[in-house]
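Note that the UniProt record's numbering has the sequence shown beginning at 1, numbered continuously upward.
Backbone N, C-alpha and C define an ideal beta-carbon position, used for all residues, glycine too.
Contents: one structure, followed by commentary.
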Amino acid sequence: MSKLINVTFIDITTGMTLGIYEVPLEQLPQSFEVATTLNMGGSDWSIEDAEPKMSEEFIATGELTLKMRQLKKVKTDDILFSLPTISGHIPTDISKTAQFNDFIFTMHEDNWHQYEFLNKSSFPLIDLEIDKIKEVKTQHTKTVDKSLTAFTKCHLRTTINTPDLNIDLNKLKELLNATEVGSFALKGYEGFVPASFALKTGETTYYGILKGDEVVELSIADFSEHTINEIKQVVDVFEVVFVDWCNCEVIGAV
């Protein structure tokens with residue numbers, strides 16, 4: 001006969017006990033240390049805490065308490081996005097060590113390559129991406145309140161791969177009068193973007209990816225109203241184009 005465990009189910013939101021049931025041991029996991037979901041009364045519940053967490057312990061005592069949170073299904077029509085587009089090439093690998101140690105710059109992954117430099121050869125793909133973003137902005141916009149506009153759709157940019165800009169890092173530093181080189185990390189990741197770097201000027205924070213001493217990806221994060229002058233310098237000297245994806249603006253177009 002299967003051993004029965006006396007399980008107390010508690011709604012962690014309200015603190016109310018949902019029930020106390022005898023549950024066959026084989027229906028319970030060996031550990032609650034990993035994320036666990038169960039179906040109860042036709043609804044899905046996430047196990048937020050378990051006392052005890054290991055099967056050896058609740059087998060010995062025959063008692064288990066599960067604190068749960070009900071998972072509510074969200075209609076896709078109710079999902080809103082704060083941005084009309086994000087990059088489809090956000091890095092997921094991490095490096096435990098920083099390549100440059102002058103400073104560390106961190107940024108949310110949704111902002112990855114939202115303001116980026118590309119080769120002129122990226123046309124007409126740039127135009128194709130911008131057309132899709134404009135469609136989102138004109139047909140999938142929702143006013144939340146007087147100060148906030150959101151989007152019911154978000155365009156994932158995937159057509160343009162690594163631009164391979166081949167910009168000499170030292171020449172870029174010299175052009176921008178940047179004396180320090182930092183490392184770059186995405187918030188929530190326990191490490192740094194591999195082969196990444198960051199530069200700071202009085203107006204702007206630049207970040208990108210290196211291949212040896214050459215910059216193959218270059219983007220802008222923090223900036224001011226005077227950053228446009230730096231952008232035009234980079235565009236002219238290195239014969240690239242600059243794209244502000246969310247605003248569908250291009251500098252240096254052919």
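TODO: Enumerate, from N- to C-terminal direction, the unbroken alpha helix (DSSP H) stretches of 4 or more residues contained entirely within the segment 149-222.
DONE: The segment 149-222 is shown to contain whole alpha helix (DSSP H) runs of 4 or more residues at 169-176, in chain order.
- [ ] Let me know the secondary structure DSSP gives Glu135 once reduced to three states.
- [x] DSSP places Glu135 in helix when its eight states are reduced to three.
TODO: Measure from the alpha carbon of Ile90 to the alpha carbon of each residue in Val235, Ala185, Asn6, Glu249, then state which is nearest.
DONE: It is Ala185.
Open item on the list: Suppose the cutoff is 8 Å on Cβ atoms and the five residues either side in sequence are ignored; what does the same chain contact list for Phe55 look like?
Closed with: First, the residue type needs correcting, since residue 55 is Ser and not Phe in the sequence shown. Once the five neighbours on either side are set aside, the close Cβ partners of Ser55 are Leu25, Leu28, Pro29, Gln30, Ser31.
- [ ] Can you give me the Cβ contacts of Asp164 inside the same chain, cut-off strictly under 6 Å, excluding the 5 residues immediately before and after it?
- [x] The answer, listed in chain order, is Val216.
Open item on the list: Going by beta-carbon coordinates alone, are Cys246 and Thr85 separated by less than 9 Å?
Closed with: Cβ distance < 9 Å, so Cys246 and Thr85 count as in contact.
Open item on the list: Going residue by residue through the segment 75-130, where are the continuous beta strand (DSSP E) segments of at least 3 residues, counting only ones entirely within it?
Closed with: Taken in chain order, the complete beta strand (DSSP E) segments of 3 residues or longer contained in the segment 75-130 are 85-87, 104-107, 115-119.
Open item on the list: What does the Cβ neighbour count give for Met107, buried or exposed, with the cut at 16 atoms within 10 Å?
Closed with: Around the beta carbon of Met107, 16 or more other beta carbons lie within 10 angstroms, which makes this residue buried.
Open item on the list: Can you give me the C-alpha to C-alpha distance between Thr179 and Asp236, rounded to a whole angstrom?
Closed with: For Thr179 and Asp236, the distance between alpha carbons rounds to 21 Å.
TODO: Look at Lys232 and Leu199 and say whether their C-beta atoms are less than 9 Å apart.
DONE: No, Cβ-Cβ distance for Lys232 and Leu199 is not below 9 Å.
- [ ] Classify Gln30 as helix, strand or coil using the three-state DSSP reduction.
- [x] In the three-state scheme derived from DSSP, where H, G and I count as helix and E and B as strand, Gln30 is classed as coil.
Open item on the list: Using only the alpha-carbon positions, how far apart do residue 256 and Glu230 sit?
Closed with: Because the chain in this structure spans residues 1 to 254, residue 256 falls outside the shown range and cannot be described.
Open item on the list: In whole angstroms, give me the CA-to-CA distance for Trp45 and Glu63.
Closed with: Distance between the alpha carbons of Trp45 and Glu63 is about 20 Å.
Open item on the list: Between the segment 187-195 and the segment 207-227, can you find at least three pairs of beta-carbon atoms closer than 8 Å?
Closed with: Between the segment 207-227 and the segment 187-195, the count of Cβ pairs shorter than 8 Å is three or higher; the stretches touch.
Open item on the list: Tell me the rounded alpha-carbon separation between Val181 and Asp222.
Closed with: Near 15 Å, if we compare the C-alpha coordinates of Asp222 and Val181.
- [ ] Out of Thr61, Phe9, Glu214, state which residue places its alpha-carbon closest to the alpha-carbon of Gly39.
- [x] In the sequence as presented, Gly is not what sits at residue 39; that position holds Asn. That would be Phe9, whose Cα lies nearest to the Cα of Asn39.
TODO: Find the nearest neighbour of residue 270 within the set Met16, Asn6, Glu33, Thr14, judged by alpha-carbon distance.
DONE: An answer regarding residue 270 cannot be provided, because it is not within the stretch 1 to 254 covered by the chain.
Open item on the list: Let me check understanding here. Comparing Cα to Cα, which of Cys154, Ala50, Lys67 lies closest to Met16?
Closed with: Each of Cys154, Ala50, Lys67 was checked against the Cα of Met16, and the nearest Cα belongs to Lys67.
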